[in-house]
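Contents: one structure, followed by commentary.
There are 2 protein chains.
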Amino acid sequence: MANDQPLTKEAILDAAAQVLRRYGPEKTSVVDVAKVLQVSHGTLYRHFPSKAALREAVTERWLLHISDSLQLIADQTQGSAQERLHLWFVTLISIKRTFRKEDPEMFSMYANVTLESVEIIQHHVNYLISQLAQIIEAGVKAAEFHTEATDVTAKAVFLATSRFHHPAHAREWSSATSEQEFENVWQLILTGLK
Amino acid sequence: MANDQPLTKEAILDAAAQVLRRYGPEKTSVVDVAKVLQVSHGTLYRHFPSKAALREAVTERWLLHISDSLQLIADQTQGSAQERLHLWFVTLISIKRTFRKEDPEMFSMYANVTLESVEIIQHHVNYLISQLAQIIEAGVKAAEFHTEATDVTAKAVFLATSRFHHPAHAREWSSATSEQEFENVWQLILTGLK
Numbered sequence: 001m002a003n004d005q006p007l008t009k010e011a012i013l014d015a016a017a018q019v020l021r022r023y024g025p026e027k028t029s030v031v032d033v034a035k036v037l038q039v040s041h042g043t044l045y046r047h048f049p050s051k052a053a054l055r056e057a058v059t060e061r062w063l064l065h066i067s068d069s070l071q072l073i074a075d076q077t078q079g080s081a082q083e084r085l086h087l088w089f090v091t092l093i094s095i096k097r098t099f100r101k102e103d104p105e106m107f108s109m110y111a112n113v114t115l116e117s118v119e120i121i122q123h124h125v126n127y128l129i130s131q132l133a134q135i136i137e138a139g140v141k142a143a144e145f146h147t148e149a150t151d152v153t154a155k156a157v158f159l160a161t162s163r164f165h166h167p168a169h170a171r172e173w174s175s176a177t178s179e180q181e182f183e184n185v186w187q188l189i190l191t192g193l194k
Numbered sequence: 001m002a003n004d005q006p007l008t009k010e011a012i013l014d015a016a017a018q019v020l021r022r023y024g025p026e027k028t029s030v031v032d033v034a035k036v037l038q039v040s041h042g043t044l045y046r047h048f049p050s051k052a053a054l055r056e057a058v059t060e061r062w063l064l065h066i067s068d069s070l071q072l073i074a075d076q077t078q079g080s081a082q083e084r085l086h087l088w089f090v091t092l093i094s095i096k097r098t099f100r101k102e103d104p105e106m107f108s109m110y111a112n113v114t115l116e117s118v119e120i121i122q123h124h125v126n127y128l129i130s131q132l133a134q135i136i137e138a139g140v141k142a143a144e145f146h147t148e149a150t151d152v153t154a155k156a157v158f159l160a161t162s163r164f165h166h167p168a169h170a171r172e173w174s175s176a177t178s179e180q181e182f183e184n185v186w187q188l189i190l191t192g193l194k
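Chains as they are written, first to last, in UniProt numbering: chain Z, 1 to 194; chain E, 1 to 194.
This is the structure in structure tokens:
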């Protein structure tokens with residue numbers, strides 16, 4: 001990137017993602033990213049004071065990309081809430097699996113940030129649970145679902161499916177039975193919602 | 001231990017657990033355990049050819065201790081299947097949390113073996129799921145639960161509660177809301193079973 005372009009946060013994160021992918025999360029430094037952007041180290045340190053801050057920002061952007069895609073599903077109005085809820089989960093699970101398979105270095109970074117940066121993850125998870133609450137609420141209004149406390153139920157549904165989307169279980173995702181296992185848990189949850 | 005006693009598998013595992021606890025899983029060698037038992041290295045290598053074999057055997061024994069305790073709950077006949085199922089989970093969760101809190105070195109070894117020794121864990125998990133199937137089957141007979149395939153449902157119930165008993169989630173267990181979160185997932189599952 002030429003250094004006469006304005007240094008946007010997006011441009012920094014694009015460069016950081018590129019460098020992280022090339023050298024790996026352990027070896028990438030803020031200085032490496034500054035080099036790619038052809039800016040002084042100081043300029044970059046002003047935005048990202050540490051390697052950890054850089055990794056967190058890249059992860060945060062990736063998480064936002066996931067949750068924004070899923071919000072589109074939660075916002076749909078055609079079809080039943082049940083179909084929407086199923087699609088929401090299948091999409092989340094598929095995004096995670098594809099990411100892990102096609103970009104293992106970045107996935108492993110994301111999995112580590114998940115363990116360390118409690119606040120970023122909490123924010124992300126709360127956003128996802130609010131989408132589930134939105135779908136369940138629509139299902140309650142349409143008399144498809146029956147639940148007293150939508151928020152509590154949304155969180156319970158999210159936690160009950162942890163096995164299939166929480167990165168701590170990534171090793172188990174490649175099992176041949178994983179897809180069928182999700183469908184079985186889904187049936188159990190769905191019966192609980194109806 | 002005096003070397004005139006017969007060298008039982010139990011005695012070896014007791015010594016191994018003691019040494020593992022003292023030096024940590026990384027530093028403990030088969031030789032250290034032989035020293036405590038006052039036997040030749042060769043004698044011990046005949047039982048446990050490697051450090052990994054020793055760690056697995058200690059973990060396996062611990063897992064069997066858990067599953068045998070839980071089998072007692074599955075075998076109970078008084079009270080409702082619902083109460084039994086709840087007690088089974090609360091007991092499993094409490095055993096895991098107590099172990100992690102009071103014996104962190106050993107818990108971390110167990111968590112690692114969980115990731116590496118797929119066969120041992122699969123065996124353990126299948127045993128636990130068979131206990132759940134036993135309780136659910138009793139519930140179906142008593143017309144408390146309604147499910148077509150007890151085995152599939154038992155596995156789904158186990159997977160849906162992973163968050164609360166799978167060691168990959170151990171960090172999340174210390175959250176102040178974890179107990180309430182389990183109860184919310186439990187309510188969702190229970191409604192699905194009824």
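Backbone N, C-alpha and C define an ideal beta-carbon position, used for all residues, glycine too.
All values derive from a computational prediction rather than experimental measurement.
Closest residue to residue i among the options (Cα-Cα distance)
i, options, result
"glutamate 56(Z)", "Met106(Z), Gln187(Z), Gly42(Z)", "Met106(Z)"
"serine 67(Z)", "Ile135(Z), Gln131(Z), Pro25(Z), Asp103(Z)", "Gln131(Z)"
"glutamine 71(Z)", "Val118(Z), Glu116(Z), Ile129(Z), Ala53(Z)", "Ile129(Z)"
"lysine 9(E)", "Val31(E), Lys51(E), Arg61(E)", "Arg61(E)"
"aspartate 103(E)", "Leu37(E), Ile93(E), Arg21(E)", "Arg21(E)"
"histidine 65(Z)", "Gly42(Z), Glu144(Z), Gln78(Z), Phe99(Z)", "Phe99(Z)"
"alanine 154(E)", "Glu144(E), His169(E), Asn126(E)", "Asn126(E)"
"alanine 81(E)", "Gly139(E), Ser108(E), Thr43(E), Gly42(E)", "Gly139(E)"
"leucine 37(E)", "Glu172(E), Pro25(E), Gln18(E), Ser50(E)", "Gln18(E)"
"alanine 149(E)", "Glu26(Z), Lys35(Z), Phe145(Z), Leu188(Z)", "Leu188(Z)"
"lysine 27(E)", "Gly42(E), Lys96(E), Ser50(E), Ser40(E)", "Ser50(E)"
"histidine 169(E)", "Thr191(E), Arg97(E), Ser117(E), Glu116(E)", "Arg97(E)"
"leucine 190(Z)", "Leu63(Z), Lys35(Z), Glu144(Z)", "Glu144(Z)"
Range of the contiguous alpha helix (DSSP H) that encloses residue i
i, result
"glutamine 71(E)", "51 to 75"
"aspartate 32(Z)", "30 to 37"
"glycine 139(E)", "118 to 141"
"glycine 42(Z)", "41 to 47"
"phenylalanine 158(E)", "150 to 160"
"histidine 169(Z)", "It is not in any alpha helix (DSSP H) - histidine 169(Z) carries neither H nor E in the DSSP assignment."
"leucine 20(E)", "9 to 23"
"phenylalanine 99(E)", "81 to 102"
"threonine 147(Z)", "Where threonine 147(Z) is concerned, there is no enclosing alpha helix (DSSP H), given that its DSSP letter is neither H nor E."
"threonine 177(E)", "Per DSSP, threonine 177(E) belongs to no alpha helix (DSSP H) and is neither H nor E."
Euclidean distance between Cα positions of residue i and residue j
i, j, result
"leucine 85(E)", "glutamate 137(E)", "11 Å"
"threonine 147(Z)", "valine 33(Z)", "49 Å"
"histidine 165(E)", "alanine 53(Z)", "32 Å"
"valine 58(E)", "tyrosine 110(E)", "9 Å"
"phenylalanine 48(Z)", "threonine 91(E)", "46 Å"
"serine 162(Z)", "phenylalanine 89(E)", "17 Å"
"alanine 142(Z)", "glutamine 76(Z)", "14 Å"
"lysine 194(E)", "asparagine 112(E)", "37 Å"
"lysine 101(Z)", "serine 94(Z)", "10 Å"
"valine 152(E)", "valine 152(Z)", "26 Å"
"valine 30(Z)", "leucine 7(Z)", "15 Å"
"methionine 1(Z)", "tyrosine 45(Z)", "Reliability of the predicted coordinates at methionine 1(Z) is poor, the pLDDT of 46 falling under 50, and the value obtained from them is presented with this limitation in mind. Looking at the two C-alpha atoms, the distance is approximately 18 Å."
"alanine 133(E)", "threonine 114(E)", "23 Å"
"alanine 156(Z)", "asparagine 184(E)", "6 Å"
"leucine 159(E)", "serine 175(Z)", "14 Å"
"serine 108(E)", "tyrosine 23(E)", "13 Å"
"tryptophan 186(Z)", "glutamine 78(Z)", "21 Å"
"serine 69(Z)", "tryptophan 173(Z)", "21 Å"
"serine 40(E)", "proline 25(E)", "21 Å"
"residue 199(Z)", "proline 167(E)", "This structure gives no information on residue 199(Z), because the portion of chain Z shown stretches from 1 to 194."
"glycine 42(E)", "lysine 35(E)", "12 Å"
"isoleucine 135(Z)", "alanine 74(Z)", "6 Å"
"glycine 192(Z)", "glutamate 83(Z)", "15 Å"
"leucine 63(Z)", "glutamate 116(E)", "29 Å"
"residue 195(E)", "arginine 171(Z)", "Any answer about residue 195(E) is impossible in this case: the structure gives chain E only from 1 up to 194."
Indicate whether the contact test is met: 3 or more Cβ pairs, each with one atom in the region 172 to 188 of chain E and one in the region 10 to 17 of chain E, closer than 8 Å. No, the region 172 to 188 of chain E does not touch the region 10 to 17 of chain E.
Given 8 Å as the limit, is there contact between the region 115 to 122 of chain E and the region 107 to 125 of chain Z, that is, 3 or more CB pairs closer than that? No, they do not touch.
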